[in-house]
Structures are given as structure tokens and as C-alpha cells.
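Remember, this note's numbering sits 814 above the position in the sequence shown when you count from 1.
Glycine included, every Cβ here is placed at the ideal spot set by N, Cα and C.
This report refers to the structure that appears directly beneath it.
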Amino acid sequence: MKVLVVGSGGREHALCWKLAQSPLLTKLWCAPGNAGIAASAECVAIPAEDVEALVAFARAQAVDLVVVGPEAPLVAGLADRCRAEGIRVFGPSAAAAELEGSKGFMKDVAARAGIPTAWYQRFRDAGAAKDFIRAKGAPIVVKTDGLAAGKGVVVAMTEAEALAAVDMMMGDKVFGAAGDELVIEEFLEGEECSFFALCDGTTALPLIAAQDHKRVGDGDTGPNTGGMGAYSPAPVVTAAIEAEIVARCIQPLMATMAELGRPYAGVLFAGIMVTAEGPKLLEYNVRFGDPECQVLMARLESDLLPVLVAAAEGRLDQVSLSWRDEVALVVVMAAAGYPGAYRKGTVIGGLDQAGAVEGVTVFHAGTVLKDGQVLANGGRVLGVTAVGADVATARDRAYRAIDRLAWSDGFCRRDIAWRALAR
């Protein structure tokens, strides 16, 4: 099979790395890809958001399956255009991708489906949003309705923080049109996890849980990011909790989306808070998490390619998956200044030495190759991923690999998986 993966991040590198292991694969492209992906796939200089150019390339190359990594091309209708051209595609339609494209729509669907989640209200007027915050008090959560690259969420511990978030999102337009509408919702207490399922419009095939680390600093301090590290399995997701997530947060969503004429096919990512009352939905995303995808692919024993084809063809009821028992853990190396302003173009050395540590794979998230050197080209730049018999072993291997890197401009959290170790 000939496969095109769309995207350029750590998620796409992990998908390409796993797909490249399939005996069914004859050719793998990635558009636009990055310096690390180039080792597994032929990189094609087409931006992930250029829907028409991607479809034209897939048609010209007789691509058998398009795998869409990021959310923006899905919201823009890439999967619909592929299906219209008779090209098999793994990813939801634009109508289904609105689950991530609009947080307000997602909350409305969850309410309709009876999915346990935080109370919320939608606002297009800053004054009304501020009045609601003053009436509810803090802590409270303020979100842009639209896509903001994983950064349009402020968990405000004080009323002043929440009011400032409204000004930042609606007044200063820090996230552009994504902040035209806000969703303000209840602050949920508990332990967060990421749960994934492959879907084909009818069947949802549960994957496994992971735990992400959203805040930039050790001890979960500082601003939210796209994710600074993750590990799987997540001890907070017991067999009973997993069954409850599937029964209350995955199956009702599938049924309701079908009722709405927006059947969901692709990967469904449920952000879950495990509270004292049980699991509650924080959000749905319409793609693999980044960096969670890296640990999922490291633990997946089955061949990924036929499973994605089954999802694209509506045959997930015929598929089962096997997983490695080992723990997988990823530590994100980011450019100094992230998630604020950061420098691009700094040289990264020591990649081969880092990758030589037992059980380690270095996934590239924001890199470019220039004159034979790997340069940083994004905020989150590398995902140093390790497997081990237990959390401590996997963590030790990942940090040993990081210490072999020669990149003075990079930084990472040094406490990934602290919750699992504390247990």
C-alpha cells in the first residue's frame, strides 16, 4: 500500500515510524514532514492546510490511504475532499471535526448525549462573560471556542485571572478569530488523563490511556502548553474507570453524532478528569494527541496500517489490537521561551548518541534539515521517547538520552510521570 501522512509534528513522526514497520507498506510520504520524519518517509513540500494540493498529490500518486495528523486540515475538510475523490482517508469529516473546531459545539453535543462534563456557558459579549465569571467566582476555566493550537485555555485560579483571560482572548485577540466566542466552564478537580478510540462511524475500538503534562514547568506550574511529556499506561485509569469512560463518554458520543448526521470516523481523543464522582469529560479532540501519540505507538504491538484501513472502510468490528506490557514515556524538549516567543534556527547535536540509549526513540516535532544539520524550527522540538519494564526505568532512559543531546537552547520538564512514581 502507498500511504500519505499529513502533518509535521511529533505525532506524525510517531505515525510514520510505526507505519514504516508494516509489511503491507510499499511507499510512505509525509507532507510536509520534518528532519526526523525524513528517515521513515519521503517528505513532500505541501503545507498540511493546503487541502487541494494534498488531494491532487494523492490522486496523482494513486495513494491508497491518507492519514491526517493535525486538526486544522480536518476542520478545513481534507477528509471530505479525499472521500469525494474516492481516496481512502483516516480522519473525520469537517462536520464531525467541529467537535474540536468549536468547543461550544462540543459542549452542546455532550449535553445532548448526557455525557458527564463541567457546567458551561457560551459568550460572544465580553461584558456578559465577565458578569458570569463574577457571579460564579473562581477557580473557573476560560476557553476560546475556536482552534488555538492547544493554547486557548486558561485555568483561572482567581477571578482577576479569569477576567484578564477574557480581555486577552476577546479584546486583544491573542488567538485571532478563535476568541470571537468564549466557553466558560466549571473547574473540575481530580487527575487528568487522555483516552483514545479508533472510530469508523459506527464502531468505537478503545485504545489505551495516557497521561499528559500540560503546564510548562516542573510540579505542574506555569502556563498551559501543547504538552510537555506523557506516559502510558496511566495508573489512574483502572479497568473499571476505562469501562466507565467507554460507556459514558465514547459510546453516547458516537450515537449522538450519528443522530446529528455527522457520523464520527477517525481517532477520537477524550480528555478526561477522573473526579471523586468518577470520570468527567474535559474535551474531545479529533486527532491523536501530541505527545500522547508517541507513547501509544511505542506500546502498540499490532500492525497499525491494516487497522487504519479498517477504520477508513467501516470494518473496525473485525479488528482487535495487542499492546506491549512495558511502560512508554516521552519527554518533550522545547525551545527556550516556549510557550511564549522562542528562537528558531538553533543547531541540535547529539541526536545519534541520544537515540543509542536502550529503549529510546527520538521523535522530531519541530525540526528542519539545513546543510546537513538538524535545526530547531518550532516551540516543541523533540519528543524523547523510551520504553521500559516500569515507569522508573522508562523515565531514567529518556532523561539519560536527553543528557546526551547538545542543544543549549532547549529545555524540558524533569518530573515527567511524577504522579505515577508518587503512587
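Take residue 1044, set aside five residues on each side of it, and the residues of its chain with a beta-carbon closer than 8 Å to its own are 1008, 1024, 1025, 1026, 1027, 1103, 1105, 1106, 1108, 1109, 1143, 1144, 1230, in chain order. The shortest CA-to-CA distance from residue 853 to any of 872, 831, 861 is the one to 831. In the DSSP annotation of this structure, residue 1041 is not part of any alpha helix (DSSP H), being labelled neither H nor E. Beta-carbon to beta-carbon, residue 952 and residue 973 are separated by about 5 Å, close enough to satisfy the 8 Å threshold. DSSP, read as helix, strand or coil, puts residue 1230 in coil. By the neighbour-count definition (other C-beta atoms within 10 Å, threshold 16), residue 837 is an exposed residue. Judged by DSSP secondary structure, residue 846 falls outside any alpha helix (DSSP H) and instead within the beta strand (DSSP E) spanning 841-846. By the Cβ-count criterion, residue 1094 is buried, with 16 or more other Cβ atoms from all chains shown falling within 10 Å of its own Cβ. Between residue 922 and residue 908, the CB-CB gap reaches or exceeds 8 Å. Secondary structure within the segment 929-981: the beta strand (DSSP E) runs of 3 or more consecutive residues, fully enclosed, are 934-937, 954-958, 967-970 (chain order).
Per DSSP, residue 1054 is one residue of the alpha helix (DSSP H) stretching across 1053-1059. Boundaries around residue 1147 are those of the beta strand (DSSP E), 1141-1149, since no alpha helix (DSSP H) includes it.
The residue among 1190, 1202, 1077, 1216 with its C-alpha nearest the C-alpha of residue 823 is 1190.
Across the set 1037, 1115, 1015, the C-alpha of 1015 shows the shortest separation from the C-alpha of residue 1124. Spanning the alpha carbons of residue 860 and residue 816 requires a straight line of approximately 17 Å. Runs of the beta strand (DSSP E) lying entirely within the segment 855-922, each at least 3 residues long, are 879-882 in chain order.
Secondary structure of residue 1111 (DSSP, three-state): helix.
In the three-state reduction of the DSSP assignment, residue 1068 falls in the helix class, which pools H, G and I.
Residues of the same chain with a CB within less than 7 Å of the CB of residue 1116, apart from the 5 flanking positions on each side, are 1135, 1136 in chain order. Beyond the five residues adjoining it in sequence on each side, residue 834 comes within less than 8 Å, by CB distance, of 842, 854, 855 in the same chain, given in chain order.
DSSP places residue 1164 outside both helix and strand once states are collapsed to three, so it counts as coil. Per the coordinates, the alpha-carbon of residue 1171 lies some 40 Å from the alpha-carbon of residue 896. In the three-state DSSP reduction, residue 995 falls in the coil class, being neither helix nor strand.
Ranked by Cα distance from residue 1232, the first of 1208, 840, 954, 1185 is 1208.
A Cβ-Cβ contact shorter than 8 Å links residue 1188 with residue 1181. Residue pairing for residue 1086: DSSP places it in a beta bridge opposite 1007, 1095. In summary, residue 971 is exposed, with fewer than 16 beta-carbon neighbours lying within 10 Å of its beta-carbon over all protein chains present. Put simply, the segment 990-1010 touches the segment 1047-1056. At least three CB pairs are less than 8 Å apart.
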